[in-house]
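Protein chains in written order, with my numbering: chain Y, 1 to 114; chain D, 1001 to 1116.
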């Protein structure tokens, strides 16, 4: 089974802190994704990576950055956390292909910024 | 651009009754379509997908979905609902003619509540 793990299930940070969210997958997937999930807004793509050291902006990249130094690990960084970044963050991975391959999701990190 | 709409925030159904969760999409070309389910305090799990061919797609846990190109819809169905089906359901789309990266666009989600 594909396994995607995220470093924390729940996280509480203060405004202005630098926050790191870690994601690790064990299936040698090339593609990795970071989404945020908010009620009424569904999932919105923040960043994705299709190879080590490669990244592309998603739909809402402002206030976030990412790092992918190893194939299995994809980190989301909040440079200076703000209250409007309180959300559920989901990581996903998939193999590349013609676009019809499903993504595998981690359990999510619920981040609260106070 | 690609987009997907789930017009119902919540669907209530009695156990044993058929259920339908609606999804419509918009793409410039032809779509790949997906349904995911999220149980409480869990990540999303893949349910089923439409790639090509038969318009009726069968997936996990007895769910199926019907692709209707003329109505640009991909409604999720199950003949007999279970209380354990209660969860948040997401429809997602990818335009086949879009670039690489396997980027999906998700709907806003529909909360399904199955009651005894």
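Where a beta carbon is used, it is the ideal one built from N, C-alpha and C, also for glycine.
Per DSSP, the bridge partner or partners of residue i
i	result
residue 52(Y)	Paired residue(s): none; residue 52(Y) is not in a bridge.
residue 27(Y)	Bridge partners of residue 27(Y): none, in fact.
residue 1027(D)	According to DSSP, which records beta bridges pairwise, residue 1027(D) is partnered with nothing at all.
residue 75(Y)	22(Y) and 67(Y)
residue 113(Y)	13(Y)
Assigned secondary structure, residue i (DSSP; H/G/I helix, E/B strand, else coil)
i	result
residue 63(Y)	coil
residue 1036(D)	strand
residue 1095(D)	strand
residue 6(Y)	strand
residue 1009(D)	coil
C-beta contact flag for residue i and residue j at 7 Å
i	j	result
residue 77(Y)	residue 20(Y)	yes
residue 4(Y)	residue 93(Y)	yes
residue 25(Y)	residue 79(Y)	no
residue 1105(D)	residue 1003(D)	yes
residue 63(Y)	residue 48(Y)	no
residue 102(Y)	residue 1046(D)	yes
residue 1057(D)	residue 1015(D)	no
Chain A contact residues for residue i, given Cβ-Cβ distances below 9 Å
i	result
residue 85(Y)	Judged by its chain identifiers, the structure shown contains no chain A, and its protein chains are Y and D.
Contact belief for residue i with residue j at Cβ below 8 Å, rounded distance in angstroms
i	j	result
residue 30(Y)	residue 51(Y)	6 Å
residue 90(Y)	residue 35(Y)	5 Å
_As an exercise, report each continuous beta strand (DSSP E) stretch of at least 3 residues that is fully enclosed by the region 1035-1077 of chain D, in chain order._
1044-1050, 1056-1058 and 1064-1068
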